[in-house]
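Counting in this note's numbering, the sequence shown runs from 2 upward without gaps. Report on one structure; see the data block that follows.
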Amino acid sequence: MFETMQDRRRGCRADVRTVFGATADLYYEHWGEFFHLAIFEQEDGCVDWDAALERTHQRYFQAIGGAHARRILELACGGGAFSAWMAERTSADVLGVDISDAQLAHAYKRLKKKQLANLRFIEHDIMHIAELDEAPFDAAVWLDAACYLPDKHAALKGVATRLHKGARLLLVDWCRAKRPTALQEEMLLEPFYGYWGIPAMETVGGYEQAFKAAGFRVLELEDLSERVASNWERGYQIALKALAEPTTVERLAEVAVNTIKYGRQAVQLAKNQFNAAMFAKAAADAGLLRYVYFLAEKE
Ligand SMILES: C[S@@+](CC[C@H](N)C(=O)[O-])C[C@H]1O[C@@H](n2cnc3c(N)ncnc32)[C@H](O)[C@@H]1O
Numbered sequence: 002m003f004e005t006m007q008d009r010r011r012g013c014r015a016d017v018r019t020v021f022g023a024t025a026d027l028y029y030e031h032w033g034e035f036f037h038l039a040i041f042e043q044e045d046g047c048v049d050w051d052a053a054l055e056r057t058h059q060r061y062f063q064a065i066g067g068a069h070a071r072r073i074l075e076l077a078c079g080g081g082a083f084s085a086w087m088a089e090r091t092s093a094d095v096l097g098v099d100i101s102d103a104q105l106a107h108a109y110k111r112l113k114k115k116q117l118a119n120l121r122f123i124e125h126d127i128m129h130i131a132e133l134d135e136a137p138f139d140a141a142v143w144l145d146a147a148c149y150l151p152d153k154h155a156a157l158k159g160v161a162t163r164l165h166k167g168a169r170l171l172l173v174d175w176c177r178a179k180r181p182t183a184l185q186e187e188m189l190l191e192p193f194y195g196y197w198g199i200p201a202m203e204t205v206g207g208y209e210q211a212f213k214a215a216g217f218r219v220l221e222l223e224d225l226s227e228r229v230a231s232n233w234e235r236g237y238q239i240a241l242k243a244l245a246e247p248t249t250v251e252r253l254a255e256v257a258v259n260t261i262k263y264g265r266q267a268v269q270l271a272k273n274q275f276n277a278a279m280f281a282k283a284a285a286d287a288g289l290l291r292y293v294y295f296l297a298e299k300e
């Protein structure tokens, strides 16, 4: 048992490359290739996840002016599914960056299969994005990933250095409610952070300040929590189903490979994903985990 909140964090914590290295394949198998949430319209009744996801992508692409951009940056592109989605719909050069070699392995496979001349991927830490040796971009998108960064304010300042004046940046991130109680923090948020390798979530107000300090003007801000709620339920149901499946030889082989690559913690990290799904749903149901859309323009 964990004695204190700090112990709980230490007990679950691993660096983000290891977390995604040990768990990415599980998500590709059970969740899908886009590691972000689908936005539902009120009238959808949560029936068609793929259709909602497609509409979500169209909204994001339009928001950054993707069709007319010349160079698009996807920050924390994961397995590159959305970078490829964009590259198929624009003549702009699309660059996806991510810190995880395991995630990028999926991106490179995708690139080989799709043969898109305007799509590239680079392994890079967003905390050092200012050092990225690339011409400036006129549009950028950053989905479901900024929460993993240790210093989101510094990262936004770095991102600003890679963008032209007037460039649009769409940040969609998991934020925390403004004032959770100490008990909510201990019982819901801390375990959620720990199981998912998140240092801490930012508040909406915190992001507003960070945008300003980094030289961005926020054009649109929308709390999408209610419209994405069924995604957390989907994750929880998927986790329950995965738990009930018999262990296959393929799964054991995957675990063995991950143990060699990431050490014995790989098994625990994979198991932690069940708890992560439970705590994400509970934190969202409690109104503590907010899913927030910020569209900003570099001044
Ligand atoms: C939940 S996934 C989202 C992936 C992708 N944006 C998507 O929506 O499918 C979070 C991603 O953030 C990446 N990430 C976390 N910290 C990072 C950092 N410091 N630099 C670059 N990528 C990072 C992880 O490797 C992972 O691929």
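Each residue gets a CB set at the ideal place from its N, CA and C atoms; glycine is no exception.
Cβ shell of residue i (< 7 angstroms), same chain only, five flanking positions each side left out
i      : result
Glu189 : The question names Glu, but residue 189 is Leu in the sequence shown. Excluding positions up to five away in sequence, the list reads Phe280, Ala283, Ala284, Ala287, Leu289.
Phe21  : Ser101, Ala103, Gln104
Trp197 : Ala277
Leu117 : Ala85, Ala88, Glu89
Phe35  : Leu54, Ala82, Phe83
Assigned secondary structure, residue i (DSSP; H/G/I helix, E/B strand, else coil)
i      : result
Gly12  : Low confidence applies to Gly12: its pLDDT is 40, below 50, so where it sits in the model is not reliable, and the reading given next is rough at best. Gly12 falls in the helix class under three-state DSSP.
Lys33  : A quick correction: the sequence has Gly, not Lys, at residue 33. It is coil, neither helix nor strand.
Lys179 : coil
Leu190 : helix
Arg60  : helix
His154 : helix
Leu54  : helix
Arg18  : helix
Phe212 : helix
Phe41  : coil
Asp49  : coil
Gly167 : strand
Asp174 : strand
Leu289 : coil
Rounded Cβ spacing between residue i and residue j (contact assumed at less than 8 angstroms)
i      : j      : result
Arg90  : Gly66  : Not confirmed; about 12 angstroms, so no contact.
Trp32  : Ala77  : Wrong, their Cβ atoms sit about 16 angstroms apart, outside the cutoff.
Ala23  : Tyr263 : 5 angstroms
Arg18  : Ser101 : 5 angstroms
Phe295 : Leu150 : Actually they do not touch by this definition, with Cβ atoms about 15 angstroms apart.
Contacts around residue i, its chain only, beta-carbon distance under 6 angstroms, and the 5 residues preceding and following it disregarded
i      : result
Ala297 : Leu170, Phe212, Phe217, Val219
Tyr237 : Ala278, Lys282
Trp50  : Ala39
Local Cβ density within 10 Å of residue i, reported as buried at 16 or more and exposed below that
i      : result
His129 : exposed
Gln274 : buried
Lys302 : In this structure the chain extends from 2 to 300, so residue 302 is not present and cannot be described.
Thr249 : exposed
Glu203 : buried
Ala214 : exposed
Glu303 : Residue 303 lies beyond the residue range present for the chain, which begins at 2 and ends at 300; the question has no answer from this structure.
Asp152 : exposed
His58  : buried
8 angstroms Cβ shell around residue i - same chain, five flanking residues per side excluded
i      : result
Gln205 : A quick correction: the sequence has Val, not Gln, at residue 205. Only Cys176, Lys179, Leu222, Asp224, Arg291, Val293 meet the Cβ criterion.
Leu133 : Val98, Ile123, His125, Arg163
Glu300 : Lys166, Gly216, Phe217, Arg218
Ile239 : His31, Trp32, Ala278
CB contact check: residue i to chain D, cutoff 8 angstroms
i      : result
Leu172 : Structure shown: chain D not included; a single protein chain is present.
For the region 64-125, which segments carrying the beta strand (DSSP E) assignment without a break, of at least 3 residues, lie completely within its bounds, in sequence order? 72-76, 94-99, 120-124, all fully within the region 64-125.
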